[in-house]
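Heads up: the sequence shown begins at 347 in my numbering, then just goes up one per residue.
We put the beta carbon where it would ideally sit given N, CA and C, even for glycine.
Small disclaimer: the values here were computed from a predicted structure and weren't measured.
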Amino acid sequence: MKKNPFNNLVLNPEEQNIENMFEKGEFVRVKNFEKRKKELASYARYTLSKNKRINIRMHESDLQAIKERAQKHGLPYQTLISTILHNYAKGAVEITL
């Protein structure tokens, strides 16, 4: 018989609050649940997919500007660069050269 990996799980206060609300039946299904579920599954697959490392050369002032903008959004600059490139690859962003 398999051991339950959640037997000794310790929840932080936020997680415990969510657990309590769930047990009381206080959660309401979001509108367009199936659509939202598919979106989140897509994001999860993308997040868990294998990443490929690349090296790029860029002007130091450009890198500094990117780092500052990323910090304003509370995310690592590598994530910002990756997101921009991902959106360009999907055709969601147009770039003028």
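Coarse secondary structure for residue i, derived from DSSP in three states
i: F379; result: helix
i: H432; result: helix
i: M404; result: coil
i: I441; result: coil
i: S388; result: helix
i: F352; result: coil
Closest Cα partner of residue i within the set the options
i: T425; options: R399, G437, L357; result: R399
i: N397; options: K384, H432, N354; result: H432
Chain-order list of residues whose beta-carbon lies under 7 angstroms from that of residue i (same chain, five-residue window excluded)
i: Q417; result: none
Beta-carbon proximity list for residue i, same chain, < 8 angstroms, skipping 5 on both sides
i: I430; result: V439
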